[in-house]
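Trainee: Here the sequence shown is numbered in our numbering, starting from 379 and rising by one per residue.
Below is one structure. I have some questions about it.
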Amino acid sequence: MSRRVVVLDYGFGNVRSAVRALERVGADVELTADKKAALEADGLLVPGVGAFAAVNAGLHAIDGAGIVDRRLAGGRPVLGICVGLQVMFETSTEPGEGLPDGLGQWPGTVERLPAQVVPHMGWTPVQVPAGSVLFDGVEDERFYFVHSYAVQRFELVDTTGGLVEAPKVTWAEHGTRFVAAVENGALAATQFHPEKSGDAGAQLLRNWVGSLG
Numbered sequence: 379m380s381r382r383v384v385v386l387d388y389g390f391g392n393v394r395s396a397v398r399a400l401e402r403v404g405a406d407v408e409l410t411a412d413k414k415a416a417l418e419a420d421g422l423l424v425p426g427v428g429a430f431a432a433v434n435a436g437l438h439a440i441d442g443a444g445i446v447d448r449r450l451a452g453g454r455p456v457l458g459i460c461v462g463l464q465v466m467f468e469t470s471t472e473p474g475e476g477l478p479d480g481l482g483q484w485p486g487t488v489e490r491l492p493a494q495v496v497p498h499m500g501w502t503p504v505q506v507p508a509g510s511v512l513f514d515g516v517e518d519e520r521f522y523f524v525h526s527y528a529v530q531r532f533e534l535v536d537t538t539g540g541l542v543e544a545p546k547v548t549w550a551e552h553g554t555r556f557v558a559a560v561e562n563g564a565l566a567a568t569q570f571h572p573e574k575s576g577d578a579g580a581q582l583l584r585n586w587v588g589s590l591g
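Encoded structure:
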């Protein structure tokens with residue numbers, strides 16, 4: 379059965395390429411800002427291209443924070459891409475007009491990469507943890523990145539006494555180690571662009587769509 383995926387349309391992001399990539403892996407895709415559709419879909423994809431604060435402001439303008447919160451509270455899958463990963467964290471040091479505070483789903487700050495060449499642009503290998511669902515079959519592949527800012531530390535304290543599985547964090551390097559992807563229950567996100575990452579990116583999206591209940 380085809381899974382219904384909403385690509386959240388809030389005025390920013392790689393929306394058309396994301397829609398096409400999801401359709402190619404068999405999803406029934408709708409590009410919309412409609413709250414009801416976003417809440418009821420099997421999966422929600424939050425794209426993001428541009429400055430953190432502007433993307434965050436665009437999301438808040440359509441109650442994107444509320445949509446993500448309500449979906450996750452019900453265990454409904456959400457996938458963020460690029461700045462769509464970054465806004466899941468608490469805040470960013472990137473200058474720009476808009477809202478500097480993110481959605482706060484994960485602790486952490488998005489910071490400028492301390493590299494000689496920025497932006498980080500191109501194909502880069504990733505370090506995948508054991509048991510990853512997103513990277514099943516593509517653990518040793520390279521993925522396409524375009525970004526100047528990233529989360530360089532991931533610290534999530536377990537307050538459940540081990541009742542909840544710890545997030546699976548995938549890392550990459552450019553000047554320093556940074557978060558390339560996170561899988562945390564119903565919430566997953568990638569700093570790279572799977573829709574621009576060829577066969578490996580297509581398989582990652584296929585894995586995500588296949589995981590939707």
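A virtual CB, placed ideally from N, CA and C, is assigned to each residue, including glycine.
State the Cα-Cα distance for the pair Tyr522 and Thr502, rounded to the nearest angstrom.
Mentor: Translated into the one-based positions of the sequence shown, residue 522 becomes position 144. Translated into the one-based positions of the sequence shown, residue 502 becomes position 124. Their backbone Cα atoms lie some 7 Å apart in a straight line.
Trainee: Give every residue of the same chain whose Cβ lies closer than 6 Å to the Cβ of Ala474, excluding the five residues on either side of it in the sequence, and list them in chain order.
Mentor: For the purposes of this step, residue 474 is taken as residue 96 along the sequence shown, with counting starting at 1. With the sequence shown as reference, residue 474 is identified as Gly, and Ala is not the correct amino acid for it. These residues qualify, in order along the chain: Ala429, Ala431, Ala432.
Trainee: Alpha carbon to alpha carbon, how far is Ala435 from Ala396? Give it in angstroms, no decimals.
Mentor: As a working note, residue 396 is residue 18 in the sequence shown. As a working note, residue 435 is residue 57 in the sequence shown. When rounded, the distance between both Cα atoms is 21 Å.
Trainee: Using C-beta distances below 7 Å, list every residue in its chain close to Val547, excluding the 5 sequence neighbours before and after it, in chain order.
Mentor: Counting from 1 along the sequence shown, the entry for residue 547 is found at position 169. Closer than 7 Å at Cβ, skipping near neighbours: Pro507, Phe532, Val557, Val560.
Trainee: Are the beta-carbon atoms belonging to Pro572 and Ile459 less than 8 Å from one another?
Mentor: Within the sequence shown, residue 572 is the residue found at index 194, counting from 1. Within the sequence shown, residue 459 is the residue found at index 81, counting from 1. Closer than 8 Å, so yes.
Trainee: Report yes if the C-beta distance between Leu409 and Val393 is below 8 Å; otherwise report no.
Mentor: Position 31 of the sequence shown holds residue 409. Position 15 of the sequence shown holds residue 393. Going by C-beta atoms, Leu409 is nearer than 8 Å to Val393.
Trainee: Taking Val397 as part of the alpha helix (DSSP H), name the residues at either end of that continuous run.
Mentor: The residue given as residue 397 occupies position 19 in the sequence shown. Unbroken alpha helix (DSSP H) run through Val397: 393-402.
Trainee: Cutting at 6 Å between CB atoms, please list the residues of its own chain near Phe513, excluding the five before and the five after it.
Mentor: Here residue 513 corresponds to residue number 135 of the sequence shown, with the count starting at 1. Cβ neighbours of Phe513 beyond the five flanking positions: Val506.
Trainee: Taking Cβ positions, are Leu457 and Ala578 nearer each other than 8 Å?
Mentor: Translated into positions along the sequence shown, residue 457 becomes position 79. Translated into positions along the sequence shown, residue 578 becomes position 200. No.
Trainee: How long is the line joining the alpha carbons of Arg402 and Arg584, rounded to whole angstroms?
Mentor: Taking the first residue of the sequence shown as position 1, residue 402 is located at position 24. Taking the first residue of the sequence shown as position 1, residue 584 is located at position 206. Roughly 9 Å between the two C-alpha positions.
Trainee: Terminal residues of the continuous beta strand (DSSP E) containing Gly428?
Mentor: The count along the sequence shown starts at 1 and reaches residue 428 at position 50. Looking at the DSSP string, Gly428 is not in any beta strand (DSSP E), and its letter there is neither H nor E.
Trainee: Could you tell me whether the Cβ atoms of Phe527 and Arg490 are closer together than 8 Å?
Mentor: As a working mapping, residue 527 is identified with position 149 in the sequence shown. As a working mapping, residue 490 is identified with position 112 in the sequence shown. What sits at residue 527 in the sequence shown is Tyr, not Phe. Cβ atoms of Tyr527 and Arg490: closer than 8 Å.
Trainee: By the three-class DSSP mapping on this structure, what secondary structure does Gly500 have?
Mentor: Against the sequence shown, residue 500 aligns to sequence position 122. If DSSP states are grouped into helix, strand and coil, Gly500 belongs with the strands.
Trainee: Measure from the alpha carbon of Pro425 to the alpha carbon of each residue in Leu463, Leu450, His438, then state which is nearest.
Mentor: Taking the sequence shown and counting its residues from 1, one reaches residue 425 at position 47. Nearest C-alpha to Pro425: Leu463.
Trainee: Go through its chain and collect everything with a Cβ distance to Asp518's Cβ below 7 Å, but skip five positions before and after it.
Mentor: Taking the first residue of the sequence shown as position 1, residue 518 is located at position 140. Answer for Asp518: no residue qualifies.
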